[in-house]
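Below you'll find the structure, written out as C-alpha cells, and then a few comments.
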Amino acid sequence: ITYKAVSSFDPEIDLSNQSGRVSKLGNETHFLFFGLYPGTTYSFTIRASTAKGFGPPATNQFTTKISAPSMPAYELETPLNQTDNTVTVILKPAHSRGAPVRYGEEVWAGSRETEMKIKLINFSGVFSRDLPETSVS
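Once you know that position 76 of the sequence shown is 76 in UniProt numbering, the rest is easy, because the numbers rise by one and skip nothing.
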C-alpha cells in the first residue's frame, strides 16, 4: 500500500511529509493509517504480489474529515484593563482543526440601548474599545 497527500483545505499545511509505503501479508484484511491531517485528500494505491510479480494497482482517493474550530482556554479573570469608559480584553486565535478559520465570533459590548457589535475574523492580540459611559456597568 502506498499513500500520498494530494491536497488540503488548509493551505498552510505542509503535505511534503505526508506519504509512505506499508507492506502487509496476504491474510491481513485492514490497516489503520494514523497521523493524517484533517481535511486532507490522500491517494491510496494497493497492489498484490506473488512469486510471478505484481498485479495491476487499485487506486482510490479519500478525504479525512474536518471539525469545527475550537477556541483556546481563557482564564476566568477580569479583562486586561478596565476604566470608567474603556475595556481591554485579550483575544486568542481559534484552532482551525483542518480548515482555515474564515469567520470569527461576534463580540457584543454594552447595554441594550448602546450595544456595539464587533466582528472578529481569526484575530489574535489585544482589543481595546472606548465605550460610552452609559454602556459600561
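Note that beta-carbon positions come from the ideal geometry of N, C-alpha and C, so glycine has one too. In this text the structure is predicted, and so the values were computed from the model without any measurement.
Positions of the beta strand (DSSP E) runs, each at least 3 residues long and wholly inside the region 18-81, are given as 19-21, 40-46 and 58-63 in order along the chain. Judged by DSSP in its simplified three-state form, T86 adopts strand.
Note that the region 36-44 touches the region 61-70; at least 3 beta-carbon pairs, one per stretch, sit closer than 8 Å. Around the beta carbon of A68, a 10 Å sphere encloses fewer than 16 other beta carbons of the protein chains shown; the residue is thus reported as exposed. By DSSP's assignment, S8 forms a beta bridge with T40. S7 has its alpha-carbon roughly 24 Å from the corresponding atom of S23. Distance from the CA of Q18 to the CA of N81, rounded to the nearest whole angstrom, comes to 45 Å.
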